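Have a look at the structure below before the remarks.
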Amino acid sequence: MSEPTYTVSFWLRKILVPIDGSENSFRALELAIDFAMRYGSQISIIHVCEECNEQAMKEKVEKRVNGRVDYDFKILKFSSKESSVSNEILKFLSENSYDAVILGARGLSINSDINIGSVALSISVNAPTTVILVR
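Per numbering that gives the first Met the number 0, residue 0 is the first one in the sequence shown, and the count goes up by one each step.
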């Protein structure tokens, strides 16, 4: 039997988890929590919105994390006339250093027939780092 390696802990030191309140985004958060518990990853959670109830989203995140790990939480506000959710996430990624992004493959879109949402597609194609999509 070989000795354990800690390569994964170096790949996933800092993880960004964009959430939108969908079940897929919270499954992505669960995966990030698991990485944090196993490998000591630092988790940053962002919620990008034009108009949102910040306190309600913060409470949902706290309920899901349930004190299992430490995390940073930020709300990024934007104007849909000037930008988009995916552009704001990509801008945040370019301004900060992350080893991976974990996000839901689909968000709150009405059409349940699609396999991957527009935000997830844009992030997976344009992100300068590893992207993990959760279904």
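Don't be surprised by glycine CBs; every beta carbon is placed ideally from N, CA and C. Just so we're clear, the structure is a prediction, and the values are computed from it rather than from any experiment.
Contacts around residue i, its chain only, beta-carbon distance under 8 Å, and the 5 residues preceding and following it disregarded
i: serine 93; result: Pro127
i: alanine 119; result: Leu102, Gly103, Ala104, Arg105, Gly106 and Leu132
i: glutamate 22; result: Gly103
Selected residue, minimal CA-CA separation from residue i, among the options
i: leucine 15; options: Gln41, Val60, Lys76 and Met36; result: Gln41
i: glycine 39; options: Lys80, Arg67, Val84 and Phe25; result: Arg67
i: phenylalanine 77; options: Ser85, Cys48 and Ile122; result: Cys48
i: tyrosine 5; options: Leu28, Arg37, Glu22 and Ser24; result: Arg37
i: valine 64; options: Phe25, Asn95 and Glu53; result: Phe25
i: glutamate 50; options: Asn95, Ser117 and Ser83; result: Ser83
9 Å Cβ cutoff met for residue i and residue j
i: phenylalanine 99; j: valine 130; result: It should be noted that the sequence gives alanine, not phenylalanine, for residue 99. In this structure, valine 130 lies closer than 9 Å to alanine 99 by Cβ.
i: leucine 11; j: valine 133; result: no
i: isoleucine 122; j: serine 85; result: yes
i: lysine 80; j: serine 43; result: no
i: isoleucine 88; j: proline 17; result: yes
i: alanine 35; j: tyrosine 70; result: yes
Cβ-based neighbour list, residue i, same chain, cut-off 7 Å, excluding 5 preceding and 5 following
i: phenylalanine 91; result: Ile45 and Leu75
i: serine 8; result: Tyr38 and Gly39
Contacting residues, own chain, Cβ-Cβ under 6 Å from residue i (five flanking each side not counted)
i: methionine 56; result: His46
i: glutamate 53; result: Ile74
i: tyrosine 97; result: Lys13, Leu15 and Thr128
i: asparagine 95; result: none
i: lysine 62; result: none
Expected contact under 8 Å - CB spacing of residue i and residue j to nearest Å
i: lysine 59; j: glycine 20; result: 7 Å
Runs of alpha helix (DSSP H) lying entirely within the region 4-35, each at least 4 residues, in chain order: If only uninterrupted alpha helix (DSSP H) runs of at least 4 residues are considered, those enclosed by the region 4-35 are 6-10.
Every unbroken beta strand (DSSP E) inside the region 29-81 [3 residues or more]: 41-48 and 70-76
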